[in-house]
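As structure tokens, the structure follows; a few thoughts come after it.
Number of protein chains: 2
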Amino acid sequence: MSENLSSILDANSKYADSFGEKADLAMPPSRKFAILTCMDARLDPAKFAGLSEGDAHVVRNAGGRASDDAIRSLVISSEVLGTREWFVIHHSNCGMETFTNEKISGDLKSTFDTKEGYFINWLTIPDREESVREDVSRLRNHPLVSRDIRISGYIFDVKTGKLIEVVKG
Amino acid sequence: MSENLSSILDANSKYADSFGEKADLAMPPSRKFAILTCMDARLDPAKFAGLSEGDAHVVRNAGGRASDDAIRSLVISSEVLGTREWFVIHHSNCGMETFTNEKISGDLKSTFDTKEGYFINWLTIPDREESVREDVSRLRNHPLVSRDIRISGYIFDVKTGKLIEVVKG
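Protein chains in written order, with the working numbering: chain E, 1263 to 1431; chain L, 1263 to 1431.
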């Protein structure tokens, strides 16, 4: 067993011991909203946005981008599970600002001896605020997103822990 | 301002007030692992797996599936930011077990008057353990995933809070 797994299972055992009434939570998010944000290790959406278990959907990927898969998830969130408001939250000092499609695809070709990386849009972030605006706009204009879902855009500042508004909902 | 936004900003203000040394966290995850899990509101990976800010990447989508976008994120996690172990964690009573591609595509056609839904693979979960095995296998065999990344598969039980092993790492 790896050291990581051992630590995870120890923590999980303690968590389960005091699970209590969380066993009765319903599947649909009680606060009827979803957050789309980055996988970055420094971000804990439950902490920075004040979520308890059962409150809200949290979708995370590299950059917090409105990728096709994030849209798959958010359409299920609204149309199957009833969320009516979404928050797109990117952040400062994001890893996605540090490379380009060409750079990573070239690096992966060296490592894995395959051109597979060139066929992937890595969704890098050349401009932090612009990426938030693009993603809010992509969601608002998607054919499977209801026009009455409120969507806003924020940047989480990793130096202060603060959310900064980019696009009003 | 919506009630949700107002609550989020209140919580965020308190979080930022005691942000302290978290301002100095590095971009690469200090514990060098990533978790891929579901967006479900009942799941808080930081709590159920014992993560602090800075520890690990967390990728989340509907079902916790190893979608193309999850693979984009995990390849960046390992090749750009140095993670060496991944945990795929699906869960009991998942929304993705409650419908089929045909059902949701038909429902969306009624709501939005577009066939767009039929062109999306919604990655539903007809068999919980099988979906974990499939996703671990997809990651292990992907051309951009190093053979020395340890990958295991678990199910989070929403009735007990416990992680149950499905695929050994």
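We put the CB at the ideal spot given by N, CA and C, even for glycine.
Take G1379(E), set aside five residues on each side of it, and the residues of its chain with a beta-carbon closer than 7 angstroms to its own are I1366, S1367, L1370 and K1371, in chain order.
Under a 10 Å Cβ-count criterion, N1403(E) is classified as exposed, with fewer than 16 other Cβ atoms of the shown protein chains found around its own Cβ. Here the alpha carbon of D1272(E) sits roughly 14 angstroms from the alpha carbon of P1307(L).
Judged by their CB atoms, G1316(E) and D1397(E) are not nearer to each other than the 9 angstroms cut-off.
A distance below 6 angstroms between beta-carbons, with the five flanking residues on each side excluded, links E1391(L) to the following residues of its chain, in chain order: V1428. Not a single CB atom of chain L sits nearer than 9 angstroms to the CB of I1417(E). Around the beta-carbon of M1263(L), fewer than 16 other beta-carbon atoms lie within 10 Å, marking it exposed.
Within chain E, the residues placing a beta-carbon under 8 angstroms from that of P1405(L) are F1374, T1376 and E1378, ordered along the chain. Note: N1323(E) is bridge-paired with C1300(E) in the DSSP secondary-structure output. Using a Cβ distance threshold of 9 angstroms, I1270(E) and L1425(L) count as a contacting pair. Of the other Cβ atoms in all chains shown, 16 or more fall within 10 Å of the Cβ of D1331(E); this residue is therefore buried. Counting the other CB atoms within 10 Å of its CB gives T1299(E) a total of 16 or more, which places it among the buried residues. The beta carbon of L1401(E) sits no closer than 9 angstroms to any beta carbon of chain L.
Under the Cβ distance rule, V1350(E) does not count among the residues neighbouring chain L, no pair being separated by less than 9 angstroms.
Residue contact with chain L for R1304(E): present (Cβ-Cβ distance below 9 angstroms to some residue of chain L). For R1390(E), no Cβ of chain L is located within less than 9 angstroms of the residue's own Cβ. S1329(L) sits away from R1400(E), with the two beta carbons spaced by 9 angstroms or more. S1354(L) sits away from T1345(L), with the two beta carbons spaced by 9 angstroms or more.
Between I1351(E) and I1297(E), the C-beta spacing is below 9 angstroms. With a threshold of 16 other beta carbon atoms within 10 Å, S1275(L) falls short and is exposed. For T1362(L), no chain E residue has a C-beta closer than 8 angstroms to its own C-beta; the minimum C-beta separation is roughly 12 angstroms. Annotated three-state conformation of L1343(E) is coil, per DSSP. Annotation: the continuous alpha helix (DSSP H) that includes R1400(L) extends over R1390 to R1402. Of the candidates G1357(E), R1293(E), S1414(E) and M1301(E), R1293(E) places its Cα closest to the Cα of R1304(L).
Residue state for F1281(E) is assigned as coil, using DSSP reduced to three classes.
Residues of chain L whose Cβ lies closer than 9 angstroms to the Cβ of R1409(E) do not exist, since the nearest Cβ in that chain is about 10 angstroms away.
Considered as a whole, the stretch 1337-1388 of chain E harbours 1363-1374 as its complete alpha helix (DSSP H) runs of no fewer than 4 residues, in chain order.
Nearest in C-alpha terms to P1388(E), of all of C1356(E), I1411(E) and P1405(E), is C1356(E). Chain L has no Cβ within less than 9 angstroms of the Cβ of D1397(E).
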